[in-house]
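If you read the sequence shown in my numbering, its first letter stands for residue 6, the second for the next number, and so on.
Just so it is clear, CB atoms sit at the ideal spot from N, CA and C, and this is done for glycine as well.
Since we're looking at a predicted model, the values are computed, not measured.
Step one of this worksheet: look at the structure below.
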Amino acid sequence: MRAPLTKAVDMERLADTEYSDVKIKTVKKSDDGYELTIDDSLVGWFWWPELPHPQPKVGDLMRVYTPMLFGMERHGHALMILGEWWPIEYKPKDEQQAAREKYLREYEERRVRENRASRKRFADLSFLPLPLQRRIEHFRKEDDEQPDSSYMEGYEMAPVLEASRMLKRVRDPEFGLLLKSHAIKCPPEGYRDRHSFRWPKGEGRLDWPDTPEWRLTALEAINSEYNGYNYDLLKEVHPEMDDGHSGNTWDAALMMARTILRDGDEAPL
């Protein structure tokens, strides 16, 4: 019933001191593994052998071989059965190191390749507002001068391009009329420059001033509690929006657009 570990690998597992013992809170079968939540809020997918190997249950203790820190790669897990840790999976240190080196090598190759393609595609940045041009030029210069650069231009261009689209949209008076026609609610005065998750509870205000700055806030507010997280409406009024945003890139776009509206060409980006 034990996992197919060699004696040498199991000895390495037994000597491993980088682990945490956690209690399983939820269990959901998924292909050849399980989606588990555990008592320190870690959520993850864990490979598991087919029966008759012991299967995880709510309340079981599990040993996770990795420092329990955000971003750290898990390299093994075991289940407590009748007072004994039953190994489910374990990757030896040499395999971990080889896998990491392979990942870093492939990541760097992809980074260089994609940055080169982006520079070719956006060789002329004059279509961007000056502060956004300067931002990309700054990162490109740093990338050229630093041999250990980790700059990913695609990730940086996503909020820059979105900020440019937002600025064009909110500077159009017709956009203000469109937002008003949908009765978009905004946060109270004094909260406009804060992220939506920091806005106070309540109904929101309909009497926001029809200015570019408030139009930008109203655009953000569409997908907030004030307006029922209406993502479909957001796409309707801002159809050129990139569908691939993370929370970070979307917030960065809002921040840059807001700073440019406030400070113009001298905006410190």
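At least 3 beta-carbon pairs within less than 8 Å: the stretch 248-264 vs the stretch 161-172: yes
Among the candidates E208, H58, E194 and S131, whose CA atom is the shortest distance from the CA of E218? Reading the sequence shown from its first residue, position 213 is the one you call residue 218. The candidate whose alpha carbon is nearest that of E218 is E194.
Leaving out the 5 sequence neighbours to the left and right, which residues in its chain are closer than 6 Å to L133 when beta-carbon positions are compared? Here the question's residue 133 lines up with position 128 in the sequence shown. Same-chain partners within the cutoff: S169.
Check this for me: beta carbons of V32 and P61, under 8 Å apart or not? In the sequence shown, counting from the first residue as 1, residue 32 sits at position 27. In the sequence shown, counting from the first residue as 1, residue 61 sits at position 56. Contact flag set, yes.
Residues near S201 by beta carbon distance below 6 Å, same chain, minus five either side: For the purposes of this step, residue 201 is identified with residue 196 of the sequence shown, where counting begins at 1. Counting only Cβ-Cβ distances below 6 Å, and skipping sequence neighbours, we find E225 and S229.
What beta strand (DSSP E) runs, 3 residues minimum, are completely inside the stretch 82-141? 89-95
What would DSSP say about L276, mapped onto helix, strand or coil? Given a span of 6 to 274 for the chain in the structure shown, any question on residue 276 remains unanswerable.
Whole angstroms are fine: how far does the CA of A13 sit from the CA of S251? Residue 251 sits at position 246 when you count from the first residue of the sequence shown. Residue 13 sits at position 8 when you count from the first residue of the sequence shown. Approximately 43 Å between the Cα atoms of the pair.
Taking Cβ positions, are R197 and T216 nearer each other than 8 Å? Within the sequence shown, the letter at position 192 stands for residue 197. Within the sequence shown, the letter at position 211 stands for residue 216. Not closer than 8 Å, so no.
Look at P192 and P205 and say whether their C-beta atoms are less than 8 Å apart. Here residue 192 corresponds to residue number 187 of the sequence shown, with the count starting at 1. Here residue 205 corresponds to residue number 200 of the sequence shown, with the count starting at 1. Contact flag set, yes.
Helix, strand or coil for G269? Go by DSSP, reduced to three states. Start at 1 with the first residue of the sequence shown, and residue 269 comes out as number 264. Note: G269 maps to helix in three-state DSSP.
Closest to E78 by C-alpha separation, out of M85, E114, V69 and N253, would be which residue? As a first step, residue 78 must be located in the sequence shown, where it is residue number 73. Cα-wise, what sits closest to E78 is V69.
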